[in-house]
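Asker:
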Amino acid sequence: MELLRQLCQIHAPSGNEVLMKEFLLSYVQEHQDTWKTKPQIIHGEGFQDCLLLVFGKPRTVIFAHMDSIGFMVRYGRQLIRIGGPELMTGYELVGEDSQGKISCTLVVDEEERDLHYDFEREIDRGTELVFKPDFRETDETVQCCYLDNRLGVWNVLQVAETLEDGIIAFGCWEETGGGSVGYLAKYMHETYGVTQALISDITWVTEGVHAGQGVVISLRDSLIPRRSFVQKIIRLAQEAGIPHQVEVESAGGSDGKELHYGNIPWDWCFVGAPEDNVHSPEEIVHKSDIYAMVELYNLLMVEL
Amino acid sequence: MELLRQLCQIHAPSGNEVLMKEFLLSYVQEHQDTWKTKPQIIHGEGFQDCLLLVFGKPRTVIFAHMDSIGFMVRYGRQLIRIGGPELMTGYELVGEDSQGKISCTLVVDEEERDLHYDFEREIDRGTELVFKPDFRETDETVQCCYLDNRLGVWNVLQVAETLEDGIIAFGCWEETGGGSVGYLAKYMHETYGVTQALISDITWVTEGVHAGQGVVISLRDSLIPRRSFVQKIIRLAQEAGIPHQVEVESAGGSDGKELHYGNIPWDWCFVGAPEDNVHSPEEIVHKSDIYAMVELYNLLMVEL
Amino acid sequence: MELLRQLCQIHAPSGNEVLMKEFLLSYVQEHQDTWKTKPQIIHGEGFQDCLLLVFGKPRTVIFAHMDSIGFMVRYGRQLIRIGGPELMTGYELVGEDSQGKISCTLVVDEEERDLHYDFEREIDRGTELVFKPDFRETDETVQCCYLDNRLGVWNVLQVAETLEDGIIAFGCWEETGGGSVGYLAKYMHETYGVTQALISDITWVTEGVHAGQGVVISLRDSLIPRRSFVQKIIRLAQEAGIPHQVEVESAGGSDGKELHYGNIPWDWCFVGAPEDNVHSPEEIVHKSDIYAMVELYNLLMVEL
Numbered sequence: 000m001e002l003l004r005q006l007c008q009i010h011a012p013s014g015n016e017v018l019m020k021e022f023l024l025s026y027v028q029e030h031q032d033t034w035k036t037k038p039q040i041i042h043g044e045g046f047q048d049c050l051l052l053v054f055g056k057p058r059t060v061i062f063a064h065m066d067s068i069g070f071m072v073r074y075g076r077q078l079i080r081i082g083g084p085e086l087m088t089g090y091e092l093v094g095e096d097s098q099g100k101i102s103c104t105l106v107v108d109e110e111e112r113d114l115h116y117d118f119e120r121e122i123d124r125g126t127e128l129v130f131k132p133d134f135r136e137t138d139e140t141v142q143c144c145y146l147d148n149r150l151g152v153w154n155v156l157q158v159a160e161t162l163e164d165g166i167i168a169f170g171c172w173e174e175t176g177g178g179s180v181g182y183l184a185k186y187m188h189e190t191y192g193v194t195q196a197l198i199s200d201i202t203w204v205t206e207g208v209h210a211g212q213g214v215v216i217s218l219r220d221s222l223i224p225r226r227s228f229v230q231k232i233i234r235l236a237q238e239a240g241i242p243h244q245v246e247v248e249s250a251g252g253s254d255g256k257e258l259h260y261g262n263i264p265w266d267w268c269f270v271g272a273p274e275d276n277v278h279s280p281e282e283i284v285h286k287s288d289i290y291a292m293v294e295l296y297n298l299l300m301v302e303l
Numbered sequence: 000m001e002l003l004r005q006l007c008q009i010h011a012p013s014g015n016e017v018l019m020k021e022f023l024l025s026y027v028q029e030h031q032d033t034w035k036t037k038p039q040i041i042h043g044e045g046f047q048d049c050l051l052l053v054f055g056k057p058r059t060v061i062f063a064h065m066d067s068i069g070f071m072v073r074y075g076r077q078l079i080r081i082g083g084p085e086l087m088t089g090y091e092l093v094g095e096d097s098q099g100k101i102s103c104t105l106v107v108d109e110e111e112r113d114l115h116y117d118f119e120r121e122i123d124r125g126t127e128l129v130f131k132p133d134f135r136e137t138d139e140t141v142q143c144c145y146l147d148n149r150l151g152v153w154n155v156l157q158v159a160e161t162l163e164d165g166i167i168a169f170g171c172w173e174e175t176g177g178g179s180v181g182y183l184a185k186y187m188h189e190t191y192g193v194t195q196a197l198i199s200d201i202t203w204v205t206e207g208v209h210a211g212q213g214v215v216i217s218l219r220d221s222l223i224p225r226r227s228f229v230q231k232i233i234r235l236a237q238e239a240g241i242p243h244q245v246e247v248e249s250a251g252g253s254d255g256k257e258l259h260y261g262n263i264p265w266d267w268c269f270v271g272a273p274e275d276n277v278h279s280p281e282e283i284v285h286k287s288d289i290y291a292m293v294e295l296y297n298l299l300m301v302e303l
Numbered sequence: 000m001e002l003l004r005q006l007c008q009i010h011a012p013s014g015n016e017v018l019m020k021e022f023l024l025s026y027v028q029e030h031q032d033t034w035k036t037k038p039q040i041i042h043g044e045g046f047q048d049c050l051l052l053v054f055g056k057p058r059t060v061i062f063a064h065m066d067s068i069g070f071m072v073r074y075g076r077q078l079i080r081i082g083g084p085e086l087m088t089g090y091e092l093v094g095e096d097s098q099g100k101i102s103c104t105l106v107v108d109e110e111e112r113d114l115h116y117d118f119e120r121e122i123d124r125g126t127e128l129v130f131k132p133d134f135r136e137t138d139e140t141v142q143c144c145y146l147d148n149r150l151g152v153w154n155v156l157q158v159a160e161t162l163e164d165g166i167i168a169f170g171c172w173e174e175t176g177g178g179s180v181g182y183l184a185k186y187m188h189e190t191y192g193v194t195q196a197l198i199s200d201i202t203w204v205t206e207g208v209h210a211g212q213g214v215v216i217s218l219r220d221s222l223i224p225r226r227s228f229v230q231k232i233i234r235l236a237q238e239a240g241i242p243h244q245v246e247v248e249s250a251g252g253s254d255g256k257e258l259h260y261g262n263i264p265w266d267w268c269f270v271g272a273p274e275d276n277v278h279s280p281e282e283i284v285h286k287s288d289i290y291a292m293v294e295l296y297n298l299l300m301v302e303l
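Listed in order, the protein sequences are those of chains X, C and U.
Just so we're aligned: the first sequence equals residues 0 to 303 in numbering that gives the first Met the number 0.
Just so we're aligned: the second sequence equals residues 0 to 303 in numbering that gives the first Met the number 0.
Just so we're aligned: the third sequence equals residues 0 to 303 in numbering that gives the first Met the number 0.
(1) Decide if Glu189(C) is buried, meaning its Cβ has at least 16 other Cβ atoms within 10 Å, or exposed.
(2) Suppose the cutoff is 7 Å on Cβ atoms and the five residues either side in sequence are ignored; what does the same chain contact list for Leu6(C) look like?
(3) How many angstroms separate the CA atom of Val301(U) from the CA atom of Val158(U)?
(4) Report the three-state DSSP secondary structure of Val141(C) (helix, strand or coil).
(5) Counting C-beta neighbours from all protein chains within 10 Å, is the total for Gly64(U) 16 or more, i.e. buried, or is it exposed?
(6) When you compare only the Cα positions, how much space is there between Arg58(C) and Tyr186(U)?
(7) Span of the alpha helix (DSSP H) holding Tyr116(C)?
(8) I want to know whether the stretch 72-91 of chain X touches the stretch 112-128 of chain X - three or more CB-CB distances under 8 Å.
(9) Taking the alpha carbon of Thr19(U) as the point to measure from, which residue in Lys286(U), Asp108(U), Thr33(U) and Cys49(U) has its own alpha carbon closest?
(10) Do the CB positions of Glu174(U) and Ile61(U) come within less than 8 Å of each other?
(11) For Gln31(U), tell me which candidate among Thr161(U), Pro12(U) and Gln142(U) has the shortest Cα-Cα distance.
(12) Check the Cβ-Cβ distances between Pro264(C) and every residue of chain U, and say whether any is below 8 Å.
(13) By DSSP, does Gln98(C) sit in helix, in strand, or in coil?
(14) Nearest chain X C-beta to Tyr182(C) closer than 8 Å, yes or no?
(15) Could you give the residue range of the alpha helix (DSSP H) that holds Val4(U)?
(16) Compute the beta-carbon to beta-carbon distance between Asp164(C) and Gly55(C), rounded to the nearest angstrom, for a pair I have assumed lies under 8 Å.
(17) Suppose you measure from the CA of Gly99(X) to the CA of Leu128(X); what does that come to, to the nearest Å?
(18) Asp275(U) bridges to which residues according to DSSP?
(19) Under 8 Å between C-beta atoms, does Val72(X) make it to chain U?
(20) Cα separation between Lys131(U) and Gly69(U)?
(21) Which class does Ile263(U) belong to by DSSP, given the choice of helix, strand or coil?
(22) Taking any Cβ of chain X, which residues in the stretch 53-79 of chain C have a Cβ under 9 Å from it, in chain order?
(23) Please identify the residue among Thr36(X), Ile263(X), Gly255(X) and Thr126(X) whose C-alpha is closest to the C-alpha of Gly94(X).
(24) Should Glu109(X) go down as buried or exposed, given a rule of 16 or more other Cβ atoms within 10 Å for buried?
(25) Show which residues of chain U have a CB atom less than 7 Å away from the CB atom of Pro224(C).
(26) Tell me, please, which residues DSSP counts as bridged to Val208(X).
(27) When the cut-off is 8 Å and only beta carbons count, does Val245(U) lie next to chain X?
(28) Please name the residues in the stretch 107-122 of chain X whose beta-carbon is closer than 7 Å to at least one beta-carbon of chain C, in chain order.
(29) Give me the chain C residues within the contact set of Lys256(U), using Cβ-Cβ distance strictly less than 9 Å, ordered along the chain.
(30) Within 8 Å, do at least three Cβ pairs link the stretch 266-280 of chain X to the stretch 200-213 of chain X?
(31) Can you find at least 3 beta carbon pairs, one from the stretch 205-225 of chain U and one from the stretch 83-94 of chain U, that sit closer than 8 Å?
(32) Report yes or no: do three or more beta-carbon pairs, one from the stretch 230-250 of chain U and one from the stretch 244-251 of chain X, lie closer than 8 Å?
(33) Residues of chain X with a CB under 7 Å from the CB of Gly177(U): which are they?
(34) Say whether chain C places a C-beta atom closer than 8 Å to the C-beta of Ser253(X).
(35) Hey, Pro264(U) and Gln39(X): beta-carbon distance below 8 Å or not?
What follows is the structure, encoded as structure tokens:
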């Protein structure tokens with residue numbers, strides 16, 4: 000899990016994913032010779048800070064968002080949120096401004112209305128701060144901030160090793176909505192005719208979804224994808240005997256939302272491991288669910 | 000109204016409209032020879048569970064959504080909503096899971112926070128349940144669950160009989176948002192150059208919109224369509240002496256919302272009969288408003 | 000500021016921008032011969048009530064919305080809002096219906112739930128009412144309703160005088176969302192390949208943004224544009240010594256939202272003067288901020 004540990008260290012809050020993109024680009028260039036199929040690498044002009052890997056003749060796209068939640072310095076010592084981070088006084092935050100590296104702590108007032116930082120000096124307006132990563136691994140679990148979605152990114156890098164036909168799309172802005180899935184989807188649909196999408200992301204442990212009981216296939220969250228497509232995925236997981244759990248929620252969303260609201264007839268489904276302590280520095284995931292996630296993706300990219 | 004009664008029986012909650020699409024496809028294939036113009040029937044790959052009927056040289060599209068609200072089994076005996084159904088303990092719900100047909104009742108806790116079903120056994124996670132249809136007809140009214148939007152569908156099937164130029168678009172997911180209007184709009188705009196749209200759907204009886212006083216032309220709901228287009232429709236209704244009412248609301252939405260937020264310069268307008276007991280098993284509509292709705296659509300498809 | 004005064008008089012609530020478009024069209028036709036570059040004027044079929052001015056070989060688009068907030072007559076003497084106007088009993092409203100010109104006052108009940116008008120007769124259902132303009136100018140400030148966004152429109156008309164390469168896009172529906180930015184963006188991107196956008200609009204004086212301290216460059220509002228693009232704009236303003244302030248907010252939105260959620264890889268940034276008494280008849284802006292706004296736009300259209 001050394002690769003996952005490295006991924007969790009990278010500063011890439013929504014809107015500023017450039018360092019993550021550069022890391023992934025280097026990783027792919029370094030490792031692609033050992034992969035079963037060498038992908039076409041698409042990035043640069045017209046793709047902002049996104050990255051696409053196109054393998055063979057794609058039928059299905061996997062979306063894995065690169066960005067993380069965090070905080071931004073407002074005025075004075077105020078902070079505002081990037082996405083929806085968990086709030087607790089004392090959380091350690093890191094970043095950098097014109098005066099150098101920053102390691103400070105979060106201060107939350109009682110009603111969670113005002114957020115501040117505690118630091119020896121004032122930080123430049125607009126500076127991004129993210130949770131300080133503390134990667135912990137046991138035989139059974141991994142734990143760190145930003146497993147959502149560095150684990151979704153890690154998953155597709157495993158899948159890439161044997162993938163023959165398919166696209167891996169590394170996108171931006173998932174935690175704040177919009178921004179890149181729209182144009183990535185348009186490009187891939189127009190260039191390759193693909194209309195099947197899997198969302199490689201991390202979901203929540205709930206009263207019906209339990210850590211260690213398999214990868215989650217989501218029948219719905221705030222949106223309902225086309226039922227026949229999700230049922231097909233559930234059937235494939237069942238037939239292959241891959242540990243899985245069906246999620247049925249009325250809230251939450253993912254990159255699938257952007258696909259759903261767009262103007263392309265996507266069949267899409269969220270498939271990912273569940274985590275506890277969501278959007279906090281203590282995000283924790285069972286390894287067996289991670290392995291089931293990779294296994295199911297490997298299967299789906301062949302069978303769909 | 001036998002056709003309307005049949006339409007109200009069909010299981011088609013948002014995301015699973017396939018049975019409604021198949022019914023409509025059969026109906027069209029059976030009846031099109033008696034229609035003034037035989038439409039081109041478009042469906043299948045690239046259209047998910049949607050269905051388009053293209054008549055002559057279209058200038059205007061009518062959107063009629065096929066899906067209904069309902070419920071989905073979450074974990075244990077919990078239910079979550081599909082769209083925004085009215086909630087009352089005792090409502091009869093029907094569906095089917097791996098163990099067979101289901102007829103159960105809805106249980107709503109006092110604060111409407113938790114929904115459960117009352118049934119002799121546990122129902123499979125993810126099973127869809129819909130209101131049990133009880134179609135009632137008098138000289139003046141029709142009453143059943145899902146008049147929204149089986150009546151909008153029924154309306155366009157009447158209009159189809161004499162339609163010479165136009166498109167009828169049967170879409171999905173209206174009750175939950177997004178999903179199909181985007182790509183249907185894109186296809187129709189690119190293929191036929193159309194930019195005029197009417198939303199064949201059912202609206203609400205309010206303090207300014209009354210049952211039996213005519214078809215509703217909506218000047219606005221949560222969104223405001225281009226005023227000059229709606230004014231033209233109101234003028235045409237006035238000149239033809241078709242009973243109509245102008246709706247001015249600050250809330251609510253329809254398939255028009257998807258058109259409004261998309262990237263095509265649609266002139267769109269909601270035109271439909273008003274109902275009482277919205278989104279309940281007791282939806283009721285005056286027949287005179289239904290006839291005015293058909294009459295106005297027949298006129299608009301010629302005059303716009 | 001006579002042109003600004005005229006712009007503030009024009010009736011153009013969201014969805015009914017036709018009078019503003021006609022005014023601008025006349026203005027451009029009258030003045031373009033004195034401009035450094037004569038633009039291509041695009042409007043009419045496929046553009047609803049929008050207007051594009053294309054100068055030379057464009058690299059960047061400026062969006063300036065033409066519509067304003069206001070009110071619409073619901074049923075009886077009720078009013079509903081168009082967009083988010085400030086509410087206070089006694090505000091003077093003007094409009095016109097089938098019986099003639101209207102000058103009435105707003106009545107707000109205590110909980111701001113019900114809005115009515117006070118007038119000698121009943122006004123036609125669906126009639127639009129807007130704040131009565133009272134344009135006031137001092138050496139330091141301008142004040143009137145609808146500086147948001149008549150000042151954004153005024154700004155681009157100044158920029159037009161010396162603009163060599165770029166597009167000015169006058170759009171609709173900004174105050175209510177969607178409607179025109181989507182198709183304007185698509186047309187301009189497909190025709191000219193542009194992916195850089197500036198939002199010429201008015202923002203808010205807050206605890207970190209002060210009247211008279213320069214044009215505002217927004218690092219974020221409810222959405223976060225691509226950081227590298229905004230940082231480039233800030234750097235250009237710094238190097239040129241143009242008075243500017245960096246805004247960091249967690250709420251609010253602009254036409255940038257439509258670009259962000261669309262399917263084109265826009266780099267976008269909100270750049271505009273700040274105002275106090277937002278969305279009221281008393282909107283007030285410092286002239287020095289207005290001049291800094293024009294100066295920065297002139298620079299950015301050359302340098303970006």
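Each residue gets a CB set at the ideal place from its N, CA and C atoms; glycine is no exception.
Computed from a predicted model, the values in this text were never measured in an experiment.
Answerer: Let me spell this out:
(1) exposed
(2) Arg149, Val152 and Trp153
(3) 11 Å
(4) strand
(5) The residue you asked about is not Gly; residue 64(U) is His in the sequence shown. It counts as buried.
(6) 21 Å
(7) Run containing Tyr116(C): none in the alpha helix (DSSP H); it sits in the beta strand (DSSP E), Leu114 to Asp117.
(8) yes
(9) For the record, residue 19(U) in the displayed sequence is Met; it is not Thr. Closest option to Met19(U), Cα to Cα, is Cys49(U).
(10) no
(11) Thr161(U)
(12) yes
(13) coil
(14) yes
(15) Residue identity differs from the one stated: residue 4(U) is Arg in this sequence, not Val. It spans Glu1 to Gln8 - the alpha helix (DSSP H) in which Arg4(U) sits, taken as one unbroken run.
(16) 4 Å
(17) 13 Å
(18) Ile283(U)
(19) yes
(20) 10 Å
(21) coil
(22) Met71, Val72, Arg73, Tyr74, Gly75, Gln77 and Ile79
(23) Thr126(X)
(24) exposed
(25) Gly14
(26) BP columns for Val208(X) are empty, so no partner.
(27) yes
(28) none
(29) None at all; the shortest Cβ gap to chain C is about 10 Å.
(30) yes
(31) no
(32) no
(33) Per Cβ cutoff of 7 Å: no residues; Gly177(U) is ~12 Å from chain X at best.
(34) no
(35) no
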